[in-house]
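Peer 1: Pasting a structure below so you can have a look.
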Amino acid sequence: MARAKLIFISGGVRSGKSAFAESLVRQFEAQRKIYLASGRADDAEMRERIERHRSDRKLDGWHTIEQAKQFERVLPLLKTGDAVLWDCVTTWLANELYEGWDKGEICAEQNGCMEMKWENMQKTLVQILSKIEFMVVVSNEILDDFMRDEQYMKWLGKIHMWLVQEADQAFEMENGIAFKRK
Amino acid sequence: MQIVFGGAFNGKRQFVKQQLKVEEWSWYEGQCPESISERIVIAGFEKWVQLQLQNEVPEENIMQQVKEVSQQAGSSEQIWILTDMNRGIVPIDPVERELRDVIGRIYQHLFAEAQLITRIWYGIPQIIKGADHCENLYKNR
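Those protein sequence lines, which keep their order, are chains A and B. Taking our numbering, the leading residue of the first sequence gets 1, the next gets one more, and so forth. Taking our numbering, the leading residue of the second sequence gets 1001, the next gets one more, and so forth.
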C-alpha cells in the first residue's frame, strides 16, 4: 500500500499554523480526524487550555490522543483511513530531550540518549504513515532567534530538515498566509 | 558576491558545500578575512561580530572591516553565510540587543551589495534577490 501523504507546516507563534493544519485535515475527509497532542498539563492554566481545545475539537468531530513522548504507544490506537494532525514537534522534543530533569538525569546530557529516541521516532513515524491515509505535522519557527539552548536548536533543525525531506508538501506560515516551500 | 541566509541549523553550510568544490575555496569560519583570496566563503560571521563587541571595538570600525572585504567583491568571488537571528523577541540582555542591532545593520549593507541572495529553509533554497528571470519569487525554485 502507498504511504500516507505527509504535510509539514512551520510558523511563528500565532501565525495561524494550527488553523491552516486543521483545515487541511478537514478537507481531506478521512474516516476519522485524529488530533495528536504532545503538550503537557503541568499547571492549572495549561490543563484548562488543553481541556478547552479538546472540547472544541470534539464538537467538530475530532478524536484527541495525548502523547507527550514515546510515540510508539500511539500506533495501536490508529486505524487505516485515519487522518492525523500532530501538534507540535517542539513540545515533543522538549519532553524527550529534558526527560529526567527532576531526577537530575537529563536525556540531553547522556550520550546517545536523544539519538536513540530520534531513531525510534523516525521508525514510528514511518510506521504511522504506512498505516494511515494523511498526516499533517505542525512545528514552530524558533531557529531565527538568539541561541538559547544550542542542543535543543540543533535537534530541532535536524528534525525539521528530515520532516521537510520526507514531506510531500512543506509550508511556512506567516501572519495567516501559507507559503509553499515544497 | 552572494549571500546564503537563514535560521540556525537550517542546512546553510550543507547547501553551499553542495554548490561548489570546497577545496577551491578559502573557508573562513567565525572570522573576518584579513587578506582576500580569489574565492572565499565567510561563515559563522555573527560569532566574529560578537567577539569584536566583547572586545569593545566600536561599530564604525567593525563596519569598516566588513566594507573592506565586501568592496573587493569585484576582484574576488565571495559567499557570505549569514545566520538570521533577529526574528525573536527583543533580548533582555543589553549586550545581546547591541549584537542584534549591529548584525542587522551589517546584514543590510551586505544585502544591498550582494547580487544573489538565497534563503535556506530546512534545506530548501529560495532566491530572494537576483532572480531577475522570474519576478514571481515564490515560483523561482
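Ideal Cβ placement from N, Cα and C applies to all residues, glycine included.
Can you check whether the C-beta of N1010(B) is within less than 8 Å of a C-beta belonging to chain A?
Peer 2: Along the second sequence, one-based indexing puts residue 1010(B) at 10. True, the Cβ-Cβ gap to chain A drops below 8 Å.
Peer 1: Which residues share a DSSP beta bridge with Q1126(B)?
Peer 2: Looking up residue 1126(B) in the second sequence gives position 126. DSSP lists R1119(B) as partners of Q1126(B).
Peer 1: If you follow the beta strand (DSSP E) that I65(A) is in, where does it begin and where does it stop?
Peer 2: Residue 65(A) sits at position 65 when you count from the first residue of the first sequence. Where I65(A) is concerned, the enclosing beta strand (DSSP E) stretches over W62 to E66.
Peer 1: Would F1009(B) and K154(A) be called neighbours here (beta carbons separated by less than 8 Å)?
Peer 2: Taking the first residue of the second sequence as 1, we reach residue 1009(B) at position 9. Taking the first residue of the first sequence as 1, we reach residue 154(A) at position 154. The answer is yes: Cβ separation under 8 Å.
Peer 1: Which residues in chain A have a C-beta closer than 7 Å to the C-beta of D1084(B)? List them in chain order.
Peer 2: Here residue 1084(B) refers to the residue found at position 84 when the second sequence is read from its first residue. Here the neighbours are D144.
Peer 1: Of all the residues that make up the stretch 156-182 of chain A, which are near chain B by a beta-carbon distance shorter than 8 Å?
Peer 2: Correct list: L156, G157, K158, H160, M161, L163, V164, Q165, A170, E172, F179, K180, R181 and K182.
Peer 1: Touching or not, the stretch 1051-1060 of chain B and the stretch 1014-1028 of chain B, by the rule of three or more beta carbon pairs under 8 Å?
Peer 2: Verdict: no, contact absent.
Peer 1: From K33(A) to V138(A), what does the alpha carbon distance come to, in whole angstroms?
Peer 2: Taking the first residue of the first sequence as position 1, residue 33(A) is located at position 33. Taking the first residue of the first sequence as position 1, residue 138(A) is located at position 138. Taking the straight line from one Cα to the other gives about 15 Å.
Peer 1: May I ask you to report which of helix, strand or coil DSSP gives T1083(B)?
Peer 2: Within the second sequence, residue 1083(B) is the residue found at index 83, counting from 1. Three-state result, T1083(B): strand.
Peer 1: Checking contacts by CB at 8 Å: is I1124(B) closer than that to chain A?
Peer 2: Taking the first residue of the second sequence as 1, we reach residue 1124(B) at position 124. Yes, I1124(B) lies at the interface with chain A (some Cβ there is under 8 Å from its Cβ).
Peer 1: E1113(B) by DSSP, collapsed to three states: which one?
Peer 2: For the purposes of this step, residue 1113(B) is taken as residue 113 along the second sequence, with counting starting at 1. Residue state, collapsed to three classes: helix.
Peer 1: In chain order, what residues of the stretch 1081-1114 of chain B put their CB closer than 7 Å to some CB of chain A?
Peer 2: The residues in question are D1084, M1085, R1087, G1088, P1091 and E1096.
Peer 1: State whether the stretch 91-99 of chain A contacts the stretch 17-32 of chain A, with contact taken as three or more CB pairs (one from each stretch) at a distance under 8 Å.
Peer 2: No, because fewer than three Cβ pairs between the stretch 91-99 of chain A and the stretch 17-32 of chain A fall closer than 8 Å, the two stretches do not touch.
Peer 1: In chain order, which alpha helix (DSSP H) runs of at least 4 residues are fully inside the stretch 86-127 of chain A?
Peer 2: Entirely contained in the stretch 86-127 of chain A, the alpha helix (DSSP H) runs reaching 4 residues are, in chain order, 89-97.
Peer 1: Which word fits F71(A), buried or exposed, when buried means at least 16 other C-beta atoms lie within 10 angstroms of its C-beta?
Peer 2: Counted from its first residue, the first sequence places residue 71(A) at position 71. Buried, by the Cβ-count rule.
Peer 1: At which residues does the alpha helix (DSSP H) containing E45(A) begin and terminate?
Peer 2: Along the first sequence, read from residue 1 onward, the residue named residue 45(A) stands at position 45. Its alpha helix (DSSP H) spans residues A44 to L59.
Peer 1: Is K1139(B) buried or exposed, if buried means 16 or more other CB atoms sit within 10 Å of its CB?
Peer 2: Translated into positions along the second sequence, residue 1139(B) becomes position 139. The pLDDT assigned to K1139(B) is 49, lower than 50, so where the model puts this residue is not dependable; a value taken from the coordinates is nonetheless given after this. Exposed, by the Cβ-count rule.
Peer 1: Which residues in chain A sit within 8 Å of W1048(B), going by Cβ to Cβ distance?
Peer 2: On the second sequence, position 48 is the one that residue 1048(B) refers to. Neighbours of W1048(B) on chain A: none; closest Cβ ~15 Å, over 8 Å.
Peer 1: If you measure from the beta carbon of M147(A) to each beta carbon in chain B, is any gap under 8 Å?
Peer 2: Within the first sequence, residue 147(A) is the residue found at index 147, counting from 1. True, the Cβ-Cβ gap to chain B drops below 8 Å.
Peer 1: Less than 8 Å between the C-beta atoms of D82(A) and A37(A), yes or no?
Peer 2: As a first step, residue 82(A) must be located in the first sequence, where it is residue number 82. As a first step, residue 37(A) must be located in the first sequence, where it is residue number 37. Their beta carbons are not under 8 Å apart, which means D82(A) does not touch A37(A) by this criterion.
Peer 1: Look up S1075(B) in the DSSP assignment and say whether it is helix, strand or coil.
Peer 2: Here residue 1075(B) refers to the residue found at position 75 of the second sequence. Coil at S1075(B), not helix or strand.
Peer 1: Going along the chain, which residues of the stretch 119-135 of chain A sit with their C-beta nearer than 7 Å to a C-beta in chain B?
Peer 2: Hits within the stretch: zero.
Peer 1: Near R47(A), which residues of its chain fall below 8 Å by C-beta distance, leaving aside the five closest residues on each side in sequence?
Peer 2: Against the first sequence, residue 47(A) aligns to sequence position 47. Closer than 8 Å at the Cβ level, and outside the excluded window around R47(A), lie A41.
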